[in-house]
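A quick write-up on the structure given underneath.
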Amino acid sequence: MSRLTALHAYATLLREFMGKMQNSKVLEGILELGLGYLMTRFSLQNVSIFWWDEETQCLRMQYQLFNGTLIEGEETVLVDMASPLQELIQNREPVVVSKTRPWVAFLPLGTKDQFFGAIRLQRKISMPRGAALATLPPYGVSREERERNYPLLEDISAILSDKLQNVIREKKHQKKERYFKAGTEISTAVVEVPRLHEMLQSVSRSIVQNLGLDRVRIYLLEPSKMMLSGFSGVQVPGRVLNLEEEKYSLREGTNPLVDAVLTGSHELIMGPSGGRIIYVPLVMGRQIVGLMVADNLLSQQDVDEEQLEALKTLAGQIGMAIVNAKLFEDIEQQAITDGLTKLYVYRYFQQRLKEEIDRADRYAYSVALVMMDVDDFKKFNDSYGHPLGDKVLEFLAQAIRGNIRRIDLAARYGGDEFVLLLPEISEREAWLMGTRLLNALKECSLRTAEGQTIPVAVTMGVALYPMDAKNGRDLIECADKALYWGKRQKRGDICFYGQAPIHDKKDQKNPSDNIEKMA
Amino acid sequence: MIIRSGRKKTKTEINFWVMPNTGSATRPILRTFIDEFERRRPDLRVNLTIHPWTLAWDRLMDVVKGKYPGPFPDVIQMGTTWVGTLFYLDALDKVPDEGIFQSEKDGSAFVWDPGLPAEVNEGLYSVPWFIDIRVLYYRRDVFEKLNLKLENLSDWKGFYQSCLEIKKSLDRGGPVHDLLAPLAIPGQSLSVMMHDIAPWIWEAGSDFCSEDLTQGQLSSPGSLTGCEFYFDLINEGFMPIPNTALPYGNFFTGHYVMQFTGSWPIDSFLNPKSNLYVPVVGDNFGVAPFPAGPKGRYTFLGGSNLGVMGTSSKKELAWEFVKFLSEPQKQMEHAQKIGALTARFSSMEKLFEKFPEVKKVFWDSIGYARRLPRLIPLGSVEQIIAHMCGRVLALIQLRKYNHDLLHSEIELANKEINEVLSLHRYGARVKEKSA
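Those protein sequence lines, which keep their order, are chains A and B. So my numbering is basically just the index in the first sequence, starting at one, shifted up by 1. So my numbering is basically just the index in the second sequence, starting at one, shifted up by 1.
Dropping the structure here:
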């Protein structure tokens with residue numbers, strides 16, 4: 002074959018290959034066409050693509066074209082010092098591993114500086130020397146000869162290499178875009194969701210979804226209680242985790258989470274599970290305010306460098322957001338809390354009453370409203386002075402707090418009147434709760450500074466929604482009537498609207514006193 | 002005005018993900034079933050994607066986590082060990098009440114039920130496709146030349162001794178050309194999986210977790226004994242890690258004297274009509290049960306199920322395809338073509354009709370076959386053990402392996418298992434339902 006003919010044949014083949022590859026943009030498509038071309042043109046039995054894993058010094062097979070079918074491969078080749086592939090890895094040079102049956106050769110992928118893998122070619126028959134250019138890979142000859150022989154295979158692998166690098170770059174770019182999206186979403190949540198719980202829920206969800214992690218849990222540090230408390234957690238694909246019961250005392254050795262906090266480190270800490278748990282201290286200034294725990298325990302996927310970097314970047318934002326949200330909630334709490342009793346104020350009670358009535362309608366459960374006031378409160382003030390009156394109210398508030406459920410709400414209605422909102426409760430359960438409170442008051446009386454014991458008693462009026470009233474306004478009115486009747490007939494006890502003979506108009510207290518408050 | 006008529010109707014596409022159940026033959030085999038389904042439903046097109054076993058889990062996790070770029074699977078093949086974890090991650094659609102499984106509910110001949118672990122009384126989330134039972138394939142010609150008896154393979158001691166004899170002989174250059182080692186490693190990517198070490202752990206009297214499924218037991222004395230025996234086989238060169246840069250061989254390509262595996266090669270490598278057939282193996286192979294250990298004889302019973310992804314936008318059509326593949330006749334045909342056993346005993350008759358002795362060994366093996374513990378996060382535990390085995394193989398490759406380091410790796414894996422087993426406390430659906 003003359004040099005000109007050979008050059009022409011070479012150019013034609015290269016053009017043909019480039020034409021085939023022109024419109025392929027998806028990895029599988031590029032490989033199917035590229036490897037398919039190699040297979041047909043060079044009468045190969047099997048062509049495989051390996052990615053280079055620098056860390057483990059292994060070539061890991063990604064795909065192979067076998068009998069015309071592209072399948073993902075499962076082979077790993079460790080390139081140790083004795084490996085015939087050293088030349089490929091060190092000098093990025095093609096290597097013929099076996100010149101007999103099967104004939105196996107590796108071609109490098111990437112440039113000298115950016116080597117990322119190899120193509121393995123396999124033929125059943127040994128390669129004949131001096132075969133036609135189009136079917137002769139230029140191996141087994143000197144570099145000089147090889148350069149003269151138009152290294153078609155090397156050029157094809159270089160084109161394939163470029164295409165693959167573009168796809169890999171694109172994938173990396175998409176990944177970075179997702180991480181950027183996580184950052185944006187978290188910034189938005191921090192700005193737009195002032196409440197701590199909702200904000201952290203939103204942050205956790207965004208991290209799980211955009212960073213591709215199995216779970217994210219956020220724990221807050223409560224220095225006053227020396228505790229690390231579970232606060233918010235989300236698991237793929239978006240399930241909210243209940244961390245309420247997770248409270249860890251800040252003592253070394255209690256828990257790996259506590260230990261991670263006690264190191265005082267502001268850097269990411271890899272957990273014990275082979276890098277699939279990451280502890281991320283949440284820091285504001287120089288102070289640790291919490292701990293984010295991200296893991297891939299369920300999927301058992303590794304957390305990669307980029308995910309770690311993203312977590313580290315987000316940790317600063319989240320730490321700052323926690324401090325701001327806490328500040329906001331403190332101020333808000335002050336606005337809805339009665340200064341003396343630390344129970345909620347009447348205005349907040351009204352807001353929650355409406356919400357609870359709506360919820361009761363939606364889920365078809367009953368709500369009890371308990372109104373109570375201190376028996377003979379005026380006598381306390383008259384006999385012992387107003388400071389003791391305040392003490393009585395504080396004492397009662399404390400007793401209330403200790404005898405209601407977490408879902409209940411207690412508020413100071415005004416003066417010596419208190420109101421309890423008890424969702425999802427039956428009449429009997431409401432009675433039991435009221436009785437428990439009355440007993441608690443009987444059991445521990447108030448003591449003055451002089452050591453004098455002063456008994457505190459209350460009377461309660463209870464109404465139930467929807468049995469006694471059609472709406473929140475009526476419910477207050479009914480509970481108030483029950484209390485009024487109780488004050489006259491059953492002082493120091495519990496009086497239910499439904500059971501008391503208070504439907505006679507003349508017996509009723511004018512409800513306008515309370516209704517005016519609601520207006 | 003021109004009115005366009007006869008517009009070509011586009012077909013609805015169903016994406017079907019499987020693993021290479023019969024290597025490169027997987028696609029053509031499944032294509033015959035898909036073609037038949039598409040003839041029944043000309044409005045549908047089934048796109049087949051094959052993911053290697055070692056990557057398939059990762060791919061599914063990427064789908065669950067929204068990391069997979071698409072196209073997303075509608076119907077998936079999953080290892081039976083994965084069903085619980087995929088269910089826990091809300092990845093699976095519930096099997097429709099009517100039709101899909103009805104024809105099989107009355108089948109008393111099923112080897113197992115495909116339900117979720119007993120603690121999850123949630124119904125079915127997958128349909129059994131085929132099952133896998135492990136036995137020991139060996140070369141009768143090599144055994145004869147070395148004067149080794151089949152009885153040698155009946156227990157650990159005899160098995161170990163046989164490996165030693167074969168290795169000594171191979172090191173001296175005999176007895177058969179082309180043989181590399183006594184035993185072929187099961188995986189093709191430096192991998193040893195949970196089901197590979199399971200029989201050895203069971204035969205040493207232990208299991209992967211406690212009976213109440215709350216604690217890992219991988220570091221119990223029995224488990225350590227089983228793992229030591231298994232990894233010593235690799236370390237001593239009886240079951241070497243291939244690193245030749247050449248395509249891997251196995252027992253069926255004629256490079257090894259023995260291999261523990263399932264029935265899949267029977268209709269491919271061991272079928273004279275197949276282009277994978279190697280006469281010296283086909284003419285001389287024998288099958289033996291798993292060697293018995295100090296605490297009994299066990300083998301691994303696993304397999305694959307079919308399910309529909311919860312994220313599929315074509316669930317109804319996807320289930321229709323699963324229903325088609327699950328028709329008893331189709332299931333049997335498929336199992337036969339890939340050399341597996343269906344979830345029905347009856348299919349074995351046909352598969353082994355040419356190999357009655359092989360059938361007996363498989364049939365007997367069902368008697369002492371055991372499943373992996375029925376944990377919800379079994380898929381995750383399986384990955385932990387695969388990673389642990391990978392680290393141990395690396396120690397062997399680097400010639401650093403010893404029992405102390407093996408124990409450390411096992412201890413670490415056991416801690417990880419306990420972490421995963423404790424995940425339920427974060428509001429698993431099971432607890433929510435029972436609360």
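Heads up, the beta-carbon is just placed ideally off N, CA and C, and yes, glycines get one too. This one's a predicted model, so the numbers in the text were calculated from it and none came from an experiment.
Can you name the residues of chain A whose CB is closer than 8 angstroms to the CB of Ser381(B)? Residues of chain A passing the Cβ test: Leu298, Leu299, Ser300, Gln301.
Proximal residues, the region 277-291 of chain A versus chain B, C-beta separation under 9 angstroms: Here the close residues are Arg277, Ile278.
Helix, strand or coil: which one does DSSP assign to Asn16(B)? Of the three classes helix, strand and coil, the one that applies to Asn16(B) here is strand, per DSSP.
With a threshold of 8 angstroms between beta-carbons, can Leu79(A) be considered close to chain B, or not? Cβ-Cβ to chain B under 8 angstroms: yes for Leu79(A).
Can you have a look at Met82(A) and say buried or exposed, based on whether 16 or more other CB atoms are within 10 angstroms of its CB? The residue in question, Met82(A), is exposed, as its Cβ has fewer than 16 Cβ neighbours within 10 Å.
Does the distance from the C-beta atom of Ile319(A) to that of Val457(A) stay below 8 angstroms? At least 8 angstroms separates the beta-carbon of Ile319(A) from that of Val457(A).
Of the residues Glu428(A), Gly452(A), Tyr364(A), Thr460(A), which one's Cα is nearest the Cα of Lys443(A)? Minimum Cα distance to Lys443(A) is reached at Thr460(A).
Can you tell me where the alpha helix (DSSP H) with Leu394(B) in it begins and where it stops? Unbroken alpha helix (DSSP H) run through Leu394(B): 379-398.
Using a 10 Å radius around the Cβ and a threshold of 16 neighbouring Cβ atoms, would you call Gln260(B) buried or exposed? With 16 or more other Cβ atoms within 10 Å, it is buried.
For Val237(A), would you say it is in contact with chain B, using Cβ-to-Cβ distances shorter than 8 angstroms as the test? Under the Cβ distance rule, Val237(A) counts among the residues neighbouring chain B, one pair being separated by less than 8 angstroms.
Mind pulling the chain B residues with CB within less than 9 angstroms of Ile408(A)? Those do not exist, as Ile408(A) stays about 15 angstroms from chain B at its closest Cβ, beyond 9 angstroms.
Three-state secondary structure (DSSP) of Gly310(B): Before going on, a small fix: residue 310(B) reads as Met here, not Gly. Three-state DSSP puts Met310(B) in a strand.
Three-state class that DSSP yields for Arg413(A) in the structure shown: Judged by DSSP in its simplified three-state form, Arg413(A) adopts strand.
Segments assigned alpha helix (DSSP H), at least 4 residues, entirely inside the region 158-210 of chain B: Counting whole runs of 4 or more residues, the region 158-210 of chain B contains the alpha helix (DSSP H) stretches 195-204.
Using Cβ-Cβ distances below 7 angstroms, what residues of the region 195-225 of chain A are close to chain B? From the region 195-225 of chain A, only Gln210, Gly213 have a Cβ closer than 7 angstroms to chain B.
Mind checking the region 68-97 of chain B against chain A and listing, in chain order, the residues whose C-beta falls within less than 9 angstroms of any C-beta there? Near chain A, meaning a CB-to-CB distance below 9 angstroms, the residues of the region 68-97 of chain B are Lys68, Pro70, Thr86, Tyr89, Leu90, Asp91, Ala92.
At which residues does the alpha helix (DSSP H) containing Tyr89(B) begin and terminate? First-last of the alpha helix (DSSP H) with Tyr89(B): 84-89.
Which residues share a DSSP beta bridge with Cys59(A)? Its beta-bridge partners are Asp54(A), Leu79(A).
Measuring only between beta-carbons, confirm whether Ile50(A) sits less than 8 angstroms from chain B. Not closer than 8 angstroms to any Cβ of chain B, the Cβ of Ile50(A) fails to qualify, so no.
Measure from the C-beta of Leu219(B) to each C-beta in chain A and report whether the shortest distance is under 8 angstroms. The beta carbon of Leu219(B) sits no closer than 8 angstroms to any beta carbon of chain A.
Apart from the five residues just before and just after Leu413(B), which ones in its own chain have a Cβ nearer than 8 angstroms to its Cβ? Setting aside the 5 residues that flank it on each side, Leu413(B) is surrounded in the same chain by Met389, each with a C-beta closer than 8 angstroms to its C-beta; the list follows chain order.
How would you label His387(A), buried or exposed, when you count the other beta carbons within 10 angstroms and need 16 or more for buried? Of the other Cβ atoms in all chains shown, fewer than 16 fall within 10 Å of the Cβ of His387(A); this residue is therefore exposed.
Local Cβ density within 10 Å of Ser143(A), reported as buried at 16 or more and exposed below that: Caution is warranted here: a pLDDT of 46 is assigned to Ser143(A), below 50, making its placement in the model unreliable, and the coordinate value is therefore given only provisionally. Label assigned to Ser143(A): exposed.
Distance between Leu214(A) and Pro21(B) (C-alpha atoms, nearest Å): If you draw a straight line from the Cα of Pro21(B) to the Cα of Leu214(A), it is about 28 angstroms long.
Leu225(B) versus Gly239(A): straight-line alpha-carbon distance, rounded: Between Leu225(B) and Gly239(A), the alpha-carbon positions lie close to 38 angstroms from each other.
Separation of Glu166(B) from Tyr139(B), as counted between CA atoms: Going by the C-alpha atoms only, they are around 14 angstroms apart.
Does any CB atom of chain A fall closer than 8 angstroms to the CB of Asp59(B)? Yes, because at least one Cβ of chain A sits closer than 8 angstroms to the Cβ of Asp59(B).
Cα-Cα separation, Cys445(A) to Arg437(A): Cα to Cα, the separation comes out at about 12 angstroms.
Let me confirm a value: Met62(B) is counted as buried when at least 16 other C-beta atoms fall within 10 Å, else exposed. Which label applies? That one is buried.
For Lys379(A), which option in Leu370(A), Arg363(A), Leu394(A), Lys491(A) has the closest C-alpha, if you only look at C-alpha atoms? Closest option to Lys379(A), Cα to Cα, is Leu394(A).
With a CB to CB cut of under 6 angstroms and the five nearest residues on each side skipped, what residues in its chain are close to Leu476(A)? Residues of the same chain with a CB within less than 6 angstroms of the CB of Leu476(A), apart from the 5 flanking positions on each side, are Leu370, Ala464, Tyr466, Ala470 in chain order.
For Leu550(A) and Ile198(B), what's the separation of their Cα atoms in angstroms? The requested residue 550(A) is not part of the displayed model; chain A covers only 2 to 520.
Contact between the region 315-327 of chain B and the region 127-139 of chain B: three or more CB pairs below 8 angstroms? Because the criterion of three Cβ pairs below 8 angstroms is met, the region 315-327 of chain B and the region 127-139 of chain B touch.
Short Cβ contact (8 angstroms threshold) for Leu258(A) with Tyr220(A): Going by C-beta atoms, Leu258(A) is nearer than 8 angstroms to Tyr220(A).
Closer than 8 angstroms to chain B by CB, Ile72(A): Ile72(A) counts as touching chain B.
When you compare the CB of Glu317(B) with every CB in chain A, is at least one pair closer than 8 angstroms? Contact of Glu317(B) with chain A is not assigned, every C-beta pair being separated by 8 angstroms or more.
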